[in-house]
Each structure stands twice: as C-alpha cells, then as structure tokens.
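Plus 329 on top of the position in the sequence shown (first one is 1) and you've got my numbering.
Backbone N, C-alpha and C fix where the C-beta goes; we use that ideal spot for every residue, glycine too.
Contents: one structure, followed by commentary.
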Amino acid sequence: DNGIQRPSRETVSFHYNARVEGHHFGSQHPMKPWRLTLTKQLVLSYGLQYAMDMYESRMATKAELAAFHSEEYLSFLARLNPRKDLDKDEKHLYLGDDSTSLDCPVFDGMWDYFRYYSGASLDGARALISDQSDIAINWSGGLHHAHKNKASGFCYINDIVVAIQQLLLTNTRVLYIDIDVHHGDGVEEAFFSTDRVLTLSFHNFAYGFFPETGKIGDIGPKDPSNAGAHHSLNVPLKPGISDDQWRMTFQQIAGAVIDQYNPSAVVLQCGADSLGGDRLGPFNLNIKAHGSCVEFVKDRCFNRKLLILGGGGYTPRNVARCWTHETAICVGAHLNETIPAHVPYRQAFVGAEHGDGRLYPDFDQLQRVIHENENTEEYLQSLVENIYEQLRYIQG
Ligand code: ZLV
Ligand code: CA
Ligand code: ZN
Numbered sequence: 330d331n332g333i334q335r336p337s338r339e340t341v342s343f344h345y346n347a348r349v350e351g352h353h354f355g356s357q358h359p360m361k362p363w364r365l366t367l368t369k370q371l372v373l374s375y376g377l378q379y380a381m382d383m384y385e386s387r388m389a390t391k392a393e394l395a396a397f398h399s400e401e402y403l404s405f406l407a408r409l410n411p412r413k414d415l416d417k418d419e420k421h422l423y424l425g426d427d428s429t430s431l432d433c434p435v436f437d438g439m440w441d442y443f444r445y446y447s448g449a450s451l452d453g454a455r456a457l458i459s460d461q462s463d464i465a466i467n468w469s470g471g472l473h474h475a476h477k478n479k480a481s482g483f484c485y486i487n488d489i490v491v492a493i494q495q496l497l498l499t500n501t502r503v504l505y506i507d508i509d510v511h512h513g514d515g516v517e518e519a520f521f522s523t524d525r526v527l528t529l530s531f532h533n534f535a536y537g538f539f540p541e542t543g544k545i546g547d548i549g550p551k552d553p554s555n556a557g558a559h560h561s562l563n564v565p566l567k568p569g570i571s572d573d574q575w576r577m578t579f580q581q582i583a584g585a586v587i588d589q590y591n592p593s594a595v596v597l598q599c600g601a602d603s604l605g606g607d608r609l610g611p612f613n614l615n616i617k618a619h620g621s622c623v624e625f626v627k628d629r630c631f632n633r634k635l636l637i638l639g640g641g642g643y644t645p646r647n648v649a650r651c652w653t654h655e656t657a658i659c660v661g662a663h664l665n666e667t668i669p670a671h672v673p674y675r676q677a678f679v680g681a682e683h684g685d686g687r688l689y690p691d692f693d694q695l696q697r698v699i700h701e702n703e704n705t706e707e708y709l710q711s712l713v714e715n716i717y718e719q720l721r722y723i724q725g
C-alpha cells in the first residue's frame, strides 16, 4: 500500500432530452428512437437517477456542428422535410443514391432530432472538460457513420466527432473505442490524419455486411510521415462470437491500447447491436459480456475522463436492458435480476420470447436465429497479435 487514497467514487452525469423520443424514421426502418424511451424508463425504474447528475441536454447549434460538417450540408439538412420536393442531385450528394437513401430517409422533425442527440454529446464532453463530471453518458448519441458532407447508415450528424473535437481542447490524446457491431468508419475517417485521436473499432466483418470496411490491416494512412499512421485500429470479427471469446479479445486489445497510448480521455461507443438476438447484428453476446467492456474501460481509466455513448441496437427491449446495466456499472450499482413491477412498458420485457421479466435473460435460449460461431481461437489470437504488432508504433 503506497498510502495514496482512491477518492471513493467518480461523478457520473446523464445527458438526455426526451424530445428525441418522438421521431420516426418510418415504420419499416429498423432504427427506433422509441428504444430510448424504454431505456430511460428502465433506468428510472431502478432508481439510477439518484446516483447520477441528471441533465436535460440542449440542442447543439448549427455553428457547433460546423466544427466538423460543412455549412452546405448543414443548410441542406436544416431545410429538409418530407413535404419538400427534393432536387435529385442534391439528395444524391448528401443522402446517397436511391438504395442507400433508404437507410437515411427524410422524416419529420429530423433537424431537431440531430441537434438534440448531438447537444447531449457536446454537453457530456463539456461536463468532463469542466471537471463537473468524470463519466458522462448519452445513450441517444454514438452515430458513428456520418461523414462531413454525407449521411450514411442511419447517421446524419456525427455527434461523436464533434464531442471528440471538444475534448481535444483540453486533452492531448483521446482514445475512441467502438463496440457497435458495425465499423466506426465516420469517426475513423474524421481523425485519419492525426495522432491526437486513436480509433479502435470491434465489428462484424463480412462481404455484404455494412459498411464493408475495417480490415485488420487498415491502420491509418500508408504514408509513415503522416501523423495518423498506425492510429486507426480495427478488429474484424466473424459472426457468432461467444461471450468468453469477446471478453478475452476485448480485454487483451483494449487493455494494451490504453496502456500504450495513455489517453487522458476515452470515448466509448456502446452500440447494442452486438448483442445476441439483434435484428441486424450476427453476434451472440449476452448483456453482461457487452457490459464487461464498460466495466473494463472504467477500471482501466480511473483518473481519465470517460464519455459513454449509445449507437446501434435494433431489438429495443434488449437495448434498454443493456444500457440500463451499463448505466449501473458507471455508478457502481448492482441491479436486481427481476425488472421492477412498476416500470412503464413492462410488457415489453415479459413473456417467454421477451425474457420473462428478467434483466439478464440468456439469449441462447431466446433467439429464433442462432448465428453459428465462425471465430476460431487461432483466428482471434492472430488478431490480438496483429494489434500488438501495430502498437509498437504508438507513442503514449
Ligand atoms: O448501427 O435498411 O446495408 C449505427 C449503426 O452502425 C446497407 N445498409 C445498405 C447499403 C445498401 N444497403 C441497403 C439499403 C437498405 C435500406 C434499408 C434496412 C431496412 C430494413 C432492415 C434492415 C436494413 C438495413 N440497412 C440493414 N443494414 C443496413 C445497412 C446500414 C446499417 C447501419 C447501421 C448503423 C447507428
Ligand atoms: Ca464497431
Ligand atoms: Zn451498428
């Protein structure tokens, strides 16, 4: 014992504005902002609001978003509404061609929706910078595919990039970790040429699986004199990864990256589409395995600022379970396995197919589609060794 005392607990702040909830991408679209209603209700029913500072987030301004996005693109988004006849070229330029623009439809109130989820990430980043908070949470954010000039994969505004830009005002190095089942391509691209942000994405990689980028050898600019060389790291996993394999791979890699890069702030995107039973993702993870990443990063990042964001997640009851569990990890609480009787929408969590009113149902026993595990121990070990090799070029 060296006599140095650990302050008893970190201050956790929760950034949310319920006005994100009422927005709809369309009835056939997998992205349901309603999952945020369910998450909020579950967090409140467990009483977690008494263990955190709760902030009603404000809308980000256009000027704040212009730190990353172009003025032209933002003006286009601000003018969009479903009753407007769109110029075909402009639509193609900003929302993609006719097949991809189904991913990013035009819907009512979209500009407000973008500014609310981005405002919450910015508020979180500022609470960390001003030392009002040690761990800031925004489950409505984490929209990692948006580019400077273009919407992509359900993401129009990249709240992660603007939040990281904020953190860079007072932090020399920011580490971005992304456990959404999709590759965090927009964030990687935004910080491709700098060594002040290291991006690390774990994702499913397969031909035909969106966005089809993020191979193990994709480590940043090829030109070694570019500061960003070696500062993009990717862990391409295969369908069906087990809880134990995930924990091992994540801890070996994230642990080594944190130690080597030594950031003063970490942003963790917690996309819940890496859970078993997700409508889009082919992984088999249970909630506690997903949450083990938050636990691990929180422990390793004692004395560093931590921004926790949402992301994908297409089976709303499991998204709510997952992010409630992860909120509890942040505040250091243990939650009862039985979901409180008084939670609104409790029926979403009951019934044999919906997890019997439990917080931690065993997805292997619930899933209708079981994704066979294609990850061998040899394959995963080769990924870990490959990353260790890359880390020799990183200076902390
Ligand atoms: O979770 O989409 O595969 C962060 C995130 O990472 C594609 N999109 C695109 C490329 C051409 N295709 C097909 C376009 C389909 C448009 C509608 C769906 C509709 C119903 C059910 C599933 C999808 C869908 N779209 C599944 N995967 C896609 C991906 C985009 C995935 C974005 C993940 C976002 C929030
Ligand atoms: Ca990812
Ligand atoms: Zn995703």
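Query raised in the report: Going by beta carbon distance, what residues of the same chain come within less than 8 Å of Lys420, once the five residues before and after it are set aside?
Result: Working through the sequence shown from its first residue, we reach residue 420 at position 91. Correct list, in chain order: Ser430.
Report task. Compute the Euclidean distance between the alpha carbons of Ser386 and Asn346, then round it to the nearest angstrom. Result -> Your numbering for residue 386 matches position 57 in the sequence shown. Your numbering for residue 346 matches position 17 in the sequence shown. C-alpha separation (whole angstroms): 5 Å.
Query raised in the report: So, helix, strand or coil for Lys420, using DSSP?
Result: The residue you call residue 420 lines up with position 91 of the sequence shown. Looking at Lys420 - three-state DSSP - the assignment turns out to be helix.
Query - Inter-residue spacing [alpha-carbon to alpha-carbon] between Ser342 and Val660 - result: Here residue 342 is taken as the residue at index 13 of the sequence shown, counted from 1. Here residue 660 is taken as the residue at index 331 of the sequence shown, counted from 1. Near 9 Å, if we compare the C-alpha coordinates of Val660 and Ser342.
**Report entry** C-alpha gap between Leu409 and Glu400, whole angstroms
**Finding:** As a position in the sequence shown, residue 409 is number 80, starting the count at 1. As a position in the sequence shown, residue 400 is number 71, starting the count at 1. Each residue's alpha carbon lies about 14 Å from the other.
Report task. Buried or exposed for Lys361, please, with buried defined as at least 16 other CB atoms from any protein chain shown within 10 angstroms of its CB. Result -> The residue given as residue 361 occupies position 32 in the sequence shown. Its Cβ being crowded by 16 or more others within 10 Å, Lys361 is buried.
Report task. Out of Gly448, Asp602 and Asn533, point me to the one whose CA is closest to Ala392's CA. Result -> As a position in the sequence shown, residue 392 is number 63, starting the count at 1. Of the candidates Gly448, Asp602 and Asn533, the one whose C-alpha sits nearest the C-alpha of Ala392 is Gly448.
Requested in this report: Use the C-beta contact count for His663: other C-beta atoms within 10 angstroms, 16 or more gives buried, fewer gives exposed.
Outcome: By one-based count along the sequence shown, residue 663 stands at place 334. Looking at its Cβ environment, which holds fewer than 16 other Cβ atoms inside 10 Å, His663 is exposed.
Report task. Please go through the same chain and pick out, in chain order, the residues whose beta-carbon is closer than 8 Å to the beta-carbon of Val623, but skip the five residues on each side of it. Result -> As a position in the sequence shown, residue 623 is number 294, starting the count at 1. Leu597, Cys599, Ile637, Glu655, Ile658 and Cys659, listed in sequence order.
Query - Whole-angstrom C-beta distance between Tyr590 and Gly725, which should lie under 8 Å - result: In the sequence shown, residue 725 corresponds to position 396, counting from 1. In the sequence shown, residue 590 corresponds to position 261, counting from 1. The pair is a contact, with the Cβ atoms about 5 Å apart (cut-off 8 Å).
Query raised in the report: Which residue from Glu350, Phe625, Glu339 and Leu529 puts its Cα closest to that of Asp507?
Result: By one-based count along the sequence shown, residue 507 stands at place 178. Checked all of Glu350, Phe625, Glu339 and Leu529; the closest Cα to Asp507 is Leu529.
Query raised in the report: In chain order, what residues of the same chain have a beta carbon less than 6 Å from the beta carbon of Asp330, not counting five sequence neighbours either side?
Result: For the purposes of this step, residue 330 is taken as the residue at position 1 of the sequence shown. With a pLDDT of 46 at Asp330, under the threshold of 50, the predicted position of this residue should be treated as unreliable, though the coordinate-derived value follows. Hits under 6 Å: none found.
Query raised in the report: So is the beta-carbon of Asp432 under 7 Å away from any non-hydrogen atom of ligand 1?
Result: The residue given as residue 432 occupies position 103 in the sequence shown. Taken from the Cβ of Asp432, at least one heavy atom of ligand 1 lies inside 7 Å.
Report task. With distances taken Cα to Cα, identify the nearest neighbour of Gly438 among Pro411, Lys567, Val490 and Glu718. Result -> Taking the sequence shown and counting its residues from 1, the one referred to as residue 438 is at position 109. Closest option to Gly438, Cα to Cα, is Pro411.
Query raised in the report: In whole angstroms, what is the alpha-carbon distance linking Leu635 and Phe397?
Result: As a position in the sequence shown, residue 635 is number 306, starting the count at 1. As a position in the sequence shown, residue 397 is number 68, starting the count at 1. Approximately 21 Å, taken between the alpha carbons.
Query raised in the report: By a C-beta neighbour count over all protein chains shown, 10 Å radius and 16 as the cutoff for buried, is Thr644 buried or exposed?
Result: Residue numbering aside, residue 644 sits at position 315 when the sequence shown is read from its first letter. Under this definition Thr644 is a buried residue.
**Report entry** Met388 - DSSP class collapsed to helix/strand/coil
**Finding:** Indexing the sequence shown from 1 puts residue 388 at position 59. Coil at Met388, not helix or strand.
Query raised in the report: Is His511 closer than 8 Å to Phe539 when the C-beta atoms are compared?
Result: Against the sequence shown, residue 539 aligns to sequence position 210. Against the sequence shown, residue 511 aligns to sequence position 182. A contact, by the Cβ cut-off of 8 Å.
Query raised in the report: Which ranges would you report for the beta strand (DSSP E) in the stretch 552 to 579 if only whole runs of at least 3 residues count?
Result: If we require 3 residues or more, the beta strand (DSSP E) runs fully inside the stretch 552 to 579 come out as 561 to 566.
Requested in this report: Rounded to whole angstroms, what's the CA-CA distance from Asn715 to Thr578? Just pull it up for me.
Outcome: Here residue 715 refers to the residue found at position 386 of the sequence shown. Here residue 578 refers to the residue found at position 249 of the sequence shown. Answer to the nearest angstrom: the Cα atoms are 12 Å apart.
**Report entry** Classification of Pro690 by the beta-carbon crowding that lies within 10 angstroms, buried from 16 upward
**Finding:** Against the sequence shown, residue 690 aligns to sequence position 361. The residue is buried, with at least 16 neighbouring Cβ atoms inside 10 Å.
Query raised in the report: Based on Cα-Cα distance, which residue from Arg525, Asp514 and Leu496 lies nearest to Phe534?
Result: Working through the sequence shown from its first residue, we reach residue 534 at position 205. Put simply, of Arg525, Asp514 and Leu496 the residue whose alpha carbon is nearest the alpha carbon of Phe534 is Asp514.
Query - Nearest residue (CA-CA) to Asn563, options Asp572, Lys551, Gly546 and Met383 - result: As a first step, residue 563 is located in the sequence shown; it is residue number 234 there, counting from the start. That would be Gly546, whose Cα lies nearest to the Cα of Asn563.
Requested in this report: Starting from Val596, follow its DSSP beta bridges and name the residues at the other end.
Outcome: Here residue 596 is taken as the residue at index 267 of the sequence shown, counted from 1. Residue pairing by DSSP places Val596 opposite Tyr505 and Leu636 in a beta bridge.
Query raised in the report: Where does Thr667 sit, in a helix, a strand or coil, going by DSSP?
Result: On the sequence shown, residue 667 is found 338 positions in, with the first residue counted as 1. When secondary structure is reduced to three states using DSSP, Thr667 falls in the strand class.
Requested in this report: Could you tell me the distance, in whole angstroms, from the CA atom of Leu406 to the CA atom of Asp552?
Outcome: Residue mapping note: residue 406 aligns to position 77 of the sequence shown, counting from 1. Residue mapping note: residue 552 aligns to position 223 of the sequence shown, counting from 1. Asp552 has its alpha-carbon roughly 35 Å from the corresponding atom of Leu406.
Report task. Consult DSSP for Asp330 and reduce its assignment to one of helix, strand or coil. Result -> Counted from its first residue, the sequence shown places residue 330 at position 1. Note that Asp330 has pLDDT 46, beneath the 50 cutoff, so the model's placement of it is unreliable and the number below is only indicative. In the three-state reduction of the DSSP assignment, Asp330 falls in the coil class.
Report task. Note down the Cα distance separating Gly584 from Arg629, rounded to an integer number of angstroms. Result -> Indexing the sequence shown from 1 puts residue 584 at position 255. Indexing the sequence shown from 1 puts residue 629 at position 300. Distance from the CA atom of Gly584 to the CA atom of Arg629, rounded to whole angstroms, is 7 Å.
Query raised in the report: For the alpha helix (DSSP H) that contains Ile466, what are its first and last residues?
Result: Residue mapping note: residue 466 aligns to position 137 of the sequence shown, counting from 1. Membership of Ile466 in any alpha helix (DSSP H) is not indicated; the residue belongs instead to the beta strand (DSSP E) covering Ile464 to Asn467.
**Report entry** CA-to-CA distance, Lys567 to His353, given in whole angstroms
**Finding:** Indexing the sequence shown from 1 puts residue 353 at position 24. Indexing the sequence shown from 1 puts residue 567 at position 238. Take the alpha-carbon of His353 and the one of Lys567: they are about 31 Å apart.
Query - Closer than 7 Å: Cys630 CB and nearest ligand 1 heavy atom - result: Within the sequence shown, numbered from 1, the residue matching residue 630 stands at position 301. No, the Cβ of Cys630 stays beyond 7 Å of every heavy atom of ligand 1.
Query raised in the report: Less than 7 Å between the CB of Leu609 and some heavy atom of ligand 1, yes or no?
Result: Residue 609 sits at position 280 when you count from the first residue of the sequence shown. Yes.
**Report entry** Nearest-angstrom Cα separation, counted from Arg633 out to Val713
**Finding:** Sequence index remark: in the sequence shown, residue 713 carries index 384 (1-based). Sequence index remark: in the sequence shown, residue 633 carries index 304 (1-based). Each residue's alpha carbon lies about 24 Å from the other.
Report task. Indicate, with yes or no, if ligand 1 has a heavy atom lying under 7 Å from the CB of Ser404. Result -> On the sequence shown, residue 404 is found 75 positions in, with the first residue counted as 1. Checking the Cβ of Ser404 against ligand 1 gives no.
Query - 8 Å Cβ cutoff met for Pro389 and Arg444 - result: Locating residue 389 in the sequence shown gives position 60, where the first residue counts as 1. Locating residue 444 in the sequence shown gives position 115, where the first residue counts as 1. Here residue 389 turns out to be Ala, not Pro, going by the sequence shown. Yes, they are a contact pair.
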